[in-house]
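A.B. asks: Before I ask anything, let me first share the structure, which is written out below as structure tokens.
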Amino acid sequence: MFFDKEISIKDIPAQPFDFYLVERPNERFNDPDRYFAHEFKKIQQRRNLYGFKSTGQHPENLIGLALSGGGQRSAAFQLGLLSGLNKVPFGQGTLLNRIDYISSVSGGSWASGAYWASKRSDEELFRCLDDATEHGKNKVEQETCRIPAKMLRTKQEILPLPIKDGEFKQKKKAWEEAITEIYLPDYNVEFWDKNRDASCNHNFDRKPYPIFNSSHSIPVTSQEANDKHFPFQTTPDYLGTIADCKSLGIAPTEECPKGRSGFFVRHGAEGFSWSERKWKKYWKLWAPEDWAIEGMTLSKTLAHSSAVIGAEMLLQYDFDLKYQGQYIEEIRKRYELSDGGKTENLGLLSLIERGVDFIIVSYMGKDNPSYGPFQDFDLASKQVKKLLGCEVQMPKHQSEDKNFVFQSSYTIGGKDKIILHVKPMHSNVGEFKDYLKNQKHADGSPRYADIVEFLDNEKCDSKDRFPQTPTMWVEYDERLIRAYYLLGQYVAKEHILVNLSKLA
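FYI, full-length UniProt numbering numbers position 442 of the sequence shown as 442, with every residue one higher than the one before it.
Printed below as a string of structure tokens:
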């Protein structure tokens with residue numbers, strides 16, 4: 001039938017790197033200067049813009065920030081972390097200026113996307129969020145701050161698990177629309193549009209290079225998903241995956257009859273189309289509103305990076321890639337994209353693939369007491385070993401450790417690369433609470449009295465108290481979300497700089 005027409009990659013006259021297959025998951029990892037030259041060039045240009053002199057094809061001392069999942073609480077914490085980095089002088093700029101990459105998952109992607117797409121200057125955006133944190137998002141002092149203040153959201157505007165197909169589609173639409181309204185009020189980037197407006201191009205030049213992580217082609221229930229880890233990346237230049245059935249070599253034959261490889265396609269590449277499918281069955285083709293929607297917006301990217309609406313159910317956004325209307329033989333006909341946390345919940349894999357020298361992992365997933373505070377890192381390190389063949393050292397930690405930052409490493413070609421683990425826990429958060437209590441207005445009155453009072457009198461199980469609030473609550477107290485923002489800001493200002501000063 002017409003919709004099954006296929007073409008082989010050997011018959012596609014594409015320009016170099018418009019589209020390419022990944023035969024082995026570590027193919028790009030082993031040759032970063034070839035596959036990431038376009039990213040490195042932008043990083044060099046941005047460094048020079050901020051006075052961080054950098055020359056050569058491969059930037060030295062690459063610094064990457066990995067923003068974990070964790071829903072609304074993670075989004076608030078990670079926005080606070082970015083705000084804190086922006087307040088710390090570093091070289092001729094700020095510590096945020098010195099970050100080269102931001103790789104994110106789920107709630108971390110909401111924060112990264114909101115920051116990257118904002119048309120406001122860093123100073124204006126974070127001033128507005130600081131204002132909303134101090135006074136409450138509905139009491140901001142500046143009228144122009146009312147829109148960005150919504151990023152500190154407290155309620156998940158979506159019903160529980162889907163039941164029928166029609167409701168499932170409505171939930172996917174509602175999920176994306178809520179993300180757009182809250183986190184992308186200024187601009188929703190269309191990656192496949194070659195004529196992106198000037199402010200988007202401005203962000204290319206001035207902000208860290210973003211990597212948004214999702215999962216592809218895994219079952220919708222969490223338990224099954226945990227047994228199949230197919231990562232998917234979206235950047236301002238490309239989308240694709242380093243791993244599919246052929247490259248992993250673990251999938252049953254019936255799922256991968258042609259032994260599929262990973263792939264990457266450049267946004268807007270000549271002759272290629274990337275389309276979201278709105279239908280599930282061929283007999284629905286008669287309905288025009290259910291046909292394909294071409295391209296990839298930032299809102300859609302953030303939606304599938306975070307697409308989990310309950311402990312046992314994922315949302316899946318269905319896409320296909322074609323060349324001149326034909327499916328490509330060597331890859332899947334359908335890529336179902338969903339929560340990046342089902343592959344690894346930190347965004348670490350993408351940074352190690354690029355050989356980043358100094359990685360700051362910002363944790364805000366809910367810990368499982370049975371597995372300890374670094375369960376997310378354990379999964380990520382296994383992914384790195386499995387897909388890239390790279391050993392990652394676990395951080396050393398004691399059960400009552402009061403440190404906020406822990407250190408480990410990974411090794412490439414005999415060279416150790418540093419990983420900093422920013423990990424708020426019950427054992428160390430007392431230091432932050434003391435800090436809040438000491439913050440005063442000019443007249444000596446407490447600055448965050450309502451937040452301090454709330455944290456001192458939380459009415460929930462001890463295991464669920466700040467900063468270990470469950471991720472999937474439908475609604476959070478606003479004082480709690482403001483506390484998460486302030487916690488991220490505090491850790492960035494007080495605990496990260498000392499570990500980066502040698503790179504100034």
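Cβ atoms here follow ideal geometry from the backbone N, Cα and C, with glycine treated the same way.
1) Write down the C-beta distance between residue 392 and residue 405 rounded to the nearest angstrom, noting that I regard them as a contact closer than 8 Å.
2) Provide the residue span of the alpha helix (DSSP H) that contains residue 97, from first to last.
3) Report the partner residues of residue 66 according to the DSSP bridge assignment.
4) Candidates 482, 494, 493: which alpha carbon is nearest residue 135's?
5) Can you tell me which of the three DSSP states residue 389 falls into?
6) Which first and last residues belong to the alpha helix (DSSP H) in which residue 437 is found?
7) Straight-line CA distance for residue 260 to residue 417?
8) In whole angstroms, what is the alpha-carbon distance linking residue 422 and residue 487?
9) Which stretch, first to last residue, makes up the alpha helix (DSSP H) that contains residue 405?
10) Leaving out the 5 sequence neighbours to the left and right, which residues in its chain are closer than 8 Å to residue 428 when beta-carbon positions are compared?
11) How long is the line joining the alpha carbons of residue 379 and residue 242, rounded to whole angstroms?
12) Provide the residue(s) that pair with residue 44 in DSSP beta bridges, ordered along the chain.
13) Would a check of beta-carbon distances place residue 212 closer than 8 Å to chain B?
14) Under a three-way DSSP split, which group does residue 203 fall into?
15) Which residues in the same chain have their Cβ closer than 7 Å to the Cβ of residue 110, if we skip the five residues on either side of it in sequence?
16) Using a Cβ distance threshold of 8 Å, determine whether the segment 264-274 contacts the segment 74-91, with at least three qualifying pairs required.
17) Should the segment 361-379 be regarded as contacting the segment 52-68, the criterion being three or more beta carbon pairs within less than 8 Å?
18) Between the alpha carbons of residue 191 and residue 322, how many angstroms are there, rounded?
19) In its own chain, which residues sit with a C-beta less than 7 Å from the C-beta of residue 351, not counting the 5 before and 5 after it?
20) With a threshold of 16 other CB atoms inside 10 Å of the CB of residue 97, please say whether the residue is buried or exposed.
21) Would you report the Cα separation of residue 286 and residue 331, rounded to the nearest angstrom?
22) Would you kindly report the start and end of the unbroken beta strand (DSSP E) that includes residue 214?
23) For the candidate residues 138, 276, 149, 77, whose alpha-carbon lies nearest to that of residue 492?
24) Give the single residue among 269, 390, 340, 173 whose Cα lies nearest to the Cα of residue 277.
25) Alpha carbon to alpha carbon, how far is residue 193 from residue 295?
26) Determine the contact status of residue 327 and residue 5, defining contact as a CB-CB distance below 8 Å.
27) Helix, strand or coil: which one does DSSP assign to residue 116?
28) To the nearest angstrom, report how far apart residue 300 and residue 237 are at their CA atoms.
C.D. replies: According to the data block:
1) Not a contact, Cβ separation roughly 17 Å.
2) 95-98 is the extent of the alpha helix (DSSP H) around residue 97.
3) Per DSSP, the beta bridge partners of residue 66 are 103, 361.
4) It is 482.
5) Three-state result, residue 389: coil.
6) For residue 437, the enclosing alpha helix (DSSP H) has its first and last residue at 429-437.
7) Each residue's CA atom was taken as its position, placing residue 260 and residue 417 some 32 Å apart.
8) Residue 422 and residue 487 have their C-alpha atoms spaced approximately 11 Å apart.
9) No alpha helix (DSSP H) contains residue 405, which is instead part of the beta strand (DSSP E) from 405-412.
10) Taking C-beta separations shorter than 8 Å and ignoring five residues to either side along the sequence, the partners of residue 428 in its chain run 401, 402, 403, 404, following chain order.
11) Those two C-alpha atoms are separated by around 17 Å.
12) In DSSP, residue 44 forms no bridge with anything.
13) This model lacks chain B altogether; it includes just one protein chain.
14) Note: residue 203 maps to helix in three-state DSSP.
15) The residues are 75, 179, 183, 302, 306.
16) With a cut-off of 8 Å, the segment 74-91 and the segment 264-274 do not count as touching, because too few Cβ pairs lie within range.
17) A contact exists between the segment 361-379 and the segment 52-68.
18) The alpha-carbon separation between residue 191 and residue 322 amounts to approximately 17 Å.
19) Annotation for residue 351: 64, 66, 101, 103, 359 place their beta carbon closer than 7 Å to its own, counting only its chain and skipping 5 residues before and after.
20) It is buried - the Cβ of residue 97 has at least 16 other Cβ atoms within 10 Å.
21) Note on residue 286: pLDDT 46, under 50, position unreliable in the model; the coordinate value appears next. Spanning the two alpha carbons is a distance of roughly 27 Å.
22) Taken as a continuous stretch (DSSP letters only), the beta strand (DSSP E) holding residue 214 covers 209-216.
23) The candidate whose alpha carbon is nearest that of residue 492 is 77.
24) The shortest C-alpha separation from residue 277 is found at 173.
25) Looking at the two C-alpha atoms, the distance is approximately 8 Å.
26) When the beta-carbon positions are compared, residue 327 and residue 5 come within less than 8 Å of each other.
27) Note: residue 116 maps to helix in three-state DSSP.
28) Here the C-alpha atom of residue 300 lies approximately 15 Å from the C-alpha atom of residue 237.
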